[in-house]
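Contents: one structure, followed by commentary.
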Amino acid sequence: MSEQVDIFLVDDNQDDLDLTYAALKETNPQLNIATARDGAEALDYLLCRGKFLNRDCAQPKLVLLDIKLPKIDGLEVLKEIKERQETQRIPVVMLTSSTRKQDLDASYKAGANSYLVKSVDYEQFMRDVQQLGQYWLGLNQPL
Amino acid sequence: MNWRVPAFSDLPISRKLILAGALPTITVLALAGALFFLYESTSLKKAMPRDLATMANFLALASRASLSFEDPQSATDLLNSLQTNPRIVAAAIYDQKREHFASYSRTNSSIAIPPVPPGQELKINDETVEILTDISLGNKTIGSIYLVSDLLAFKERIRIYGAGVVVAIVIFSAISLTIAFAMQRSISTPLNELAGTARVISENNDFNVRASQQKGPELNLLTTAFNQMLSQIQRQDASLRARTAQLETTNKELEAFTYTVSHDLRAPLRAMSSYSHLLRKNFAAHLPEEARDYLQRVQNNAQKMAELIDELLTFSRLDAEPLQKTPINLTDIFRSIGEELMSVNENHAVLKVDTLPTVEADPILIQQVATNLLSNAFKYSRNQPAPEVQVGCFLQDGNEVIFVRDNGVGFDMLYSNKLFGVFQRLHSGKEFEGTGVGLAIVQRIVKRHGGAVWAEAQVGKGATFYFYLAKGL
């Protein structure tokens, strides 16, 4: 039996994935983090299908979702998560490199709970991730 | 012509032509009819007492014998002969002593015969005319005759005249209108056709439609010119469409480009910056001082490039979104942004913001202008012993010119033309940090608001940046 996953991290860029993973772990080494590299894999994981058919299907406390993903785009994954009853209560924070207004608008329109611009400055990024974890993992958990 | 009758100018041309053709005829007809009627009724009015007087004179002559022989019966017979004239309603003969001698009264008549001759010789009442004529024999008046004629017949005649005139006017007017209607068609039909063609074109935006050629020199010229104009518009429309399509493609490509830049160009930078940071931090003990310095430089440059990308994206996006204009109080904007900038950068400058006008502009873009101008002013004056930044306003050629003045390092006016270029800098990055996009952004925003921006400076004595926005654009 697998442990309860705190954060499900989806990013296609291995460097970005590692950095976000590192930043999260640096914030709290106890965090249990699962990852996926594209939209299709992310949905398979969350909906317990495909290669995750035998997963215990406990949902993560938070999904960090890159906005631009191969196969199924981040925004599409977000819409699917928010439309399905079994996943719609999981908080989703969109990750992006862009500061484009359209991306932000599209994310919130699709039901994103929050939005994080991945800063080039690692220390800044660390601070953002820390705040994000505190809020979504600490304050916003249903009992 | 048309201004005389405002409603006339609103009529369709066919009605105008009908009216223009028929109205003068109808007017002349009506005037002639009225004149004829007036003449006829006046002469009839004059003739009527004259006829009555003739009749009275005839009766006076005929009754002389009856009066002379004092024979009232023959006088009564004479008067009764008036029965044949329906107009005479009453008649009476009086003798020398002005006493009643004989009388006649038409059946059903309610006219009372006066017992003595009435005073007036001729009296015209509402419905009757009375006449009194002396009956003379030689030089001697032997009596008088009194006749009453009713005006009904006269009025009837006037009525018939009037009706005749009206009927004639109506018939002639109808004929005139029919002729005008038939004739206007040759003018209004081609014009309506032309107008219809114009409407079809403007409704459907179909410039392939052509107006059919019309007869008559003017209309022929008009349709030819109209069609030539259409061909010209068609050509221009086609080239405009082609250019718009091209521009749309370019815009889409640019949009895709900025999307790629903002998403994909930053990712490797983040990796470079972050891993050099982690390397420097996590392996500090294993790295010589020089290596740590190099890593810091890698990190700084990645950071710098990220800033450049951001600025460039901001700059390229300035034209993409339409202006959202609202009234903006510039005083508030410059004060709040100035205070925010000072608190963030722990700047100890003295900021003085005069009362500035309220302008119609895009609030986000104007905040950007204020931010860029103020942060420049703070930046280039921060090394002065007593840095001062002043924001004010004055009127020049009807424009409210805003200025931001600092007492900082200034610049050589020789290079003022390079000030607003993208990535153009007059100071080294070592002296003053920056990307060289700020003023280019300011210029583009101000230009989008139909305004202008310029600067004045002197090396070591500070710089002043001026701008104004077009009013009500």
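Residue numbers (the numbering used here), protein chains in the order written: chain A, 161 to 303; chain B, 371 to 843. We put the beta carbon where it would ideally sit given N, CA and C, even for glycine. All of these numbers come straight from a predicted model, not from anything done at the bench.
Leaving out five residues on either side along the sequence, give the residues of the same chain with a beta carbon under 6 Å from the beta carbon of residue i.
i: B:Tyr474; result: Leu449, Asn450, Leu452, Ala461
i: B:Asp504; result: Thr511, Ser514
i: B:Phe802; result: Lys749
i: A:Asp171; result: Leu177, Asp226
i: B:Phe764; result: Val771
i: A:Lys242; result: Gln248, Gly271
i: A:Gln174; result: none
i: B:Asp607; result: Phe577
If you draw a straight line from the C-alpha of residue i to the C-alpha of residue j, how long is it?
i: B:Ser686; j: B:Leu693; result: 15 Å
i: B:Phe439; j: B:Ser506; result: 14 Å
i: B:Tyr531; j: B:Ser546; result: 22 Å
i: B:Ser379; j: A:Asp265; result: 54 Å
i: B:Asn671; j: B:Arg705; result: 33 Å
i: B:Leu592; j: B:Val771; result: 51 Å
i: A:Val304; j: B:Arg775; result: The structure shown has nothing for residue 304 of chain A, since chain A only spans 161 to 303.
i: B:Pro382; j: B:Asn562; result: 9 Å
i: B:Glu618; j: B:Glu588; result: 43 Å
i: A:Val165; j: B:Ala676; result: 33 Å
i: B:Val723; j: B:Val759; result: 8 Å
i: B:Gly778; j: B:Thr834; result: 10 Å
i: B:Met783; j: B:Ala825; result: 9 Å
i: B:Gly708; j: B:Thr684; result: 21 Å
i: B:Leu437; j: B:Ala445; result: 8 Å
i: B:Gly586; j: B:Val823; result: 59 Å
i: B:Ala404; j: B:Lys467; result: 49 Å
Excluding sequence positions up to five away, which residues of its chain have a Cβ less than 7 Å from the Cβ of residue i?
i: B:Val579; result: Thr567, Val570, Ile571
i: B:Leu843; result: Reliability fails at B:Leu843, whose pLDDT of 47 lies under 50, so the model's placement of it is uncertain and no value is given.
i: B:Asn699; result: Thr728
i: B:Asn597; result: Arg580, Ala581
i: B:Arg866; result: Missing from the structure shown is residue 866 of chain B; chain B here goes from 371 to 843 and no further.
i: A:Leu303; result: The predicted model places A:Leu303 with a pLDDT of 42, which falls under 50 and marks its position as unreliable, so this point remains unresolved.
i: A:Pro220; result: Val165, Asp166, Ile167, Phe168, Ala194, Ile250
i: B:Arg845; result: In the structure as shown, chain B starts at 371 and stops at 843, and residue 845 of chain B therefore has no counterpart that could be examined.
If you measure between the beta carbons of residue i and residue j, is that distance less than 8 Å?
i: A:Trp296; j: A:Val237; result: no
i: B:Leu657; j: B:Ala731; result: no
i: B:Asn746; j: B:Gly808; result: yes
i: A:Ala200; j: A:Ile250; result: no
i: A:Pro230; j: A:Asp263; result: no
i: B:Ile321; j: B:Gln738; result: An answer regarding residue 321 of chain B cannot be provided, because it is not within the stretch 371 to 843 covered by chain B.
i: B:Val459; j: B:Thr424; result: no
i: A:Thr195; j: A:Gln290; result: no
i: A:Ser257; j: B:Arg636; result: yes
i: B:Ile603; j: B:Phe627; result: no
i: A:Ser279; j: A:Leu235; result: no
i: B:Ser543; j: B:Leu399; result: yes
i: B:Ile501; j: B:Ala426; result: yes
i: B:Leu414; j: B:Leu517; result: no
i: B:Leu639; j: B:Leu649; result: no
Once you ignore the five residues that flank residue i on each side, which residues in its own chain have a CB closer than 8 Å to its CB?
i: B:Ala654; result: Arg662
i: A:Lys185; result: Leu191, Ile193
i: A:Tyr282; result: Leu179, Ala183
Whole-angstrom Cβ separation of residue i and residue j, contact assumed at under 8 Å?
i: B:Val535; j: B:Phe407; result: 5 Å
i: A:Gly210; j: A:Asp204; result: 4 Å
i: B:Ser384; j: B:Ser556; result: So it is not a contact: roughly 11 Å between Cβ atoms.
i: B:Gly762; j: B:Phe773; result: 6 Å
i: B:Ile736; j: B:Ile703; result: 6 Å
i: B:Ser632; j: A:Thr259; result: 7 Å
In chain C, which residues lie less than 8 Å from residue i when you measure between Cβ atoms?
i: B:Gln673; result: Looking at the structure shown, chain C is missing, and the protein chains on hand are A and B.
State whether the stretch 713-724 of chain B contacts the stretch 819-830 of chain B, with contact taken as three or more CB pairs (one from each stretch) at a distance under 8 Å. no
Evaluate contact between the stretch 476-492 of chain B and the stretch 385-400 of chain B, counting only Cβ atoms and requiring at least three cross-stretch pairs below 8 Å. no
Does the stretch 749-760 of chain B come close enough to the stretch 787-794 of chain B that 3 or more CB-CB pairs lie under 8 Å? no
Contact between the stretch 465-479 of chain B and the stretch 411-431 of chain B (3+ Cβ pairs under 8 Å): no
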